[in-house]
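Take the sequence shown: its position 156, counted from the start at 1, is 156 in UniProt numbering, and no numbers get skipped.
C-beta: ideal position from N, C-alpha, C; glycine also.
Note that the structure is a prediction, hence the values are computed from the model and not measured.
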Amino acid sequence: MKWNSYIKDFQSYLKIERGLSKNTIDNYSFDIERLCLFLSENQIDISPLKIQEETIQQFIYAVSSEVNARSQARIISGLKSFFGYLIFEDYRLDNPLELIESPKTGRKLPDTLSVDEIDALIKSIDLTSNEGERNRAMLETLYGCGLRVSELVSLKISDLFFEEGFIKITGKGNKQRFVPIGSLAQKYIQVYKETVRVHLNVKKEHGDVLFLNRRGSQLTRAMIFTIIKDLAVKIELNKKISPHTFRHSFATHLLENGADLRSIQLMLGHESITTTEIYLHLDRKFLSEVINNFHPRKS
Numbered sequence: 001m002k003w004n005s006y007i008k009d010f011q012s013y014l015k016i017e018r019g020l021s022k023n024t025i026d027n028y029s030f031d032i033e034r035l036c037l038f039l040s041e042n043q044i045d046i047s048p049l050k051i052q053e054e055t056i057q058q059f060i061y062a063v064s065s066e067v068n069a070r071s072q073a074r075i076i077s078g079l080k081s082f083f084g085y086l087i088f089e090d091y092r093l094d095n096p097l098e099l100i101e102s103p104k105t106g107r108k109l110p111d112t113l114s115v116d117e118i119d120a121l122i123k124s125i126d127l128t129s130n131e132g133e134r135n136r137a138m139l140e141t142l143y144g145c146g147l148r149v150s151e152l153v154s155l156k157i158s159d160l161f162f163e164e165g166f167i168k169i170t171g172k173g174n175k176q177r178f179v180p181i182g183s184l185a186q187k188y189i190q191v192y193k194e195t196v197r198v199h200l201n202v203k204k205e206h207g208d209v210l211f212l213n214r215r216g217s218q219l220t221r222a223m224i225f226t227i228i229k230d231l232a233v234k235i236e237l238n239k240k241i242s243p244h245t246f247r248h249s250f251a252t253h254l255l256e257n258g259a260d261l262r263s264i265q266l267m268l269g270h271e272s273i274t275t276t277e278i279y280l281h282l283d284r285k286f287l288s289e290v291i292n293n294f295h296p297r298k299s
């Protein structure tokens, strides 16, 4: 059994036991296949059970001239996971990448939108169509609650607790959290439910899903990306944005207006507060104002 069979087993493991998305699994697979291509081009006939650190180092050196440090680090991480899986399944005893260090990449600051830009995007939605009411409700929820795109498309009607002012979110690793939802997002969700969703021929398996396409099925992640991209083009926004940009903007605007990191962490569903701390780097002017306003030795 050579590489393909082990890769397929690894893909099944990532999907069934790790519960990873297709996009993530495809990224892992691409990194392994890149290593396979390197071996083929250099006529190195070796199985994943026998390959050693020296050969992996040669591969890393070869790709380092083709990709940036961040991509190189991702490749190393993906291969470590693959060989870690082989150890987990008792196919081999060691990980050939154990001593291989990833290059220093620095932390990329997330792109954000201003409040005016978010307002402009939402105002550009064509509300004469059913999809317009849905899209307005979705973007208000995406920004108002700081959701991941996967959390938005899987949001259920039974997850809405408007009287209490919260929605229940199922995030990474099926971990659940309650996130506050503002009156504006609540209002537009209600409008969508009562004027659009109620008239859809909803598929039985998607009966509890909140945001649906015109055929009554759950929206895909790709559809959300397309909706946002089209709106950005419509208002001639000179930024490359995605659903995640709304999440970043949610966290940034909360921080700028005085929210504490721990609260933001809980709302975003970050397992570690170090992940949330990246937002501290976004507005140094704001941090200076915090010192000037609150530190006892400010002057």
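Problem set entry | Best match in 86, 145, 48 for proximity to residue 251 [C-alpha to C-alpha] | 145
Exercise. Among the residues of its own chain, which have a CB less than 6 Å from the CB of residue 312, if the five just before and after it don't count?
Worked result: Absent from the model: residue 312. The displayed extent of the chain is 1 to 299, so no value can be given.
Exercise. When you compare only the Cα positions, how much space is there between residue 102 and residue 72?
Worked result: 7 Å
Exercise. Does DSSP put residue 128 in a helix, a strand or coil?
Worked result: coil
Problem set entry | residue 126 and residue 245 closer than 8 Å at C-beta | no
Exercise. If we ignore side chains and look at the alpha-carbon of each, how far apart do residue 69 and residue 83 end up?
Worked result: 21 Å
Exercise. Using the beta-carbon count (16 or more within 10 Å), is residue 141 buried or exposed?
Worked result: buried
Exercise. Could you give the distance in angstroms between the alpha-carbon of residue 185 and the alpha-carbon of residue 214?
Worked result: 21 Å
For this session: Determine the contact status of residue 35 and residue 79, defining contact as a CB-CB distance below 8 Å.
Result: yes
Exercise. Looking at the structure shown, is residue 178 part of a helix, part of a strand, or coil, going by DSSP?
Worked result: strand
Exercise. In or out: residue 95 buried (at least 16 other Cβ within 10 Å) or exposed?
Worked result: buried
Exercise. Would DSSP call residue 307 helix, strand or coil?
Worked result: Any answer about residue 307 is impossible in this case: the structure gives the chain only from 1 up to 299.
Exercise. In three-state DSSP terms, what is residue 52?
Worked result: coil
Exercise. Nearest-angstrom Cα distance between residue 237 and residue 2?
Worked result: 49 Å
For this session: Quick one: measure Cβ to Cβ for residue 120 and residue 189, integer angstroms, because I've assumed they're closer than 8 Å.
Result: Actually they do not touch by this definition, with Cβ atoms about 21 Å apart.
For this session: Measure the C-alpha to C-alpha separation of residue 201 and residue 153 and round it to an integer number of angstroms.
Result: 18 Å
Problem set entry | Assigned exposure category for residue 198 - 16 Cβ within 10 Å defines buried | exposed
For this session: Express the C-alpha separation of residue 157 and residue 91 in angstroms, rounding to a whole number.
Result: 45 Å
Exercise. In terms of residue numbering, what span does the beta strand (DSSP E) encompassing residue 229 cover?
Worked result: Run containing residue 229: none in the beta strand (DSSP E); it sits in the alpha helix (DSSP H), 221–234.
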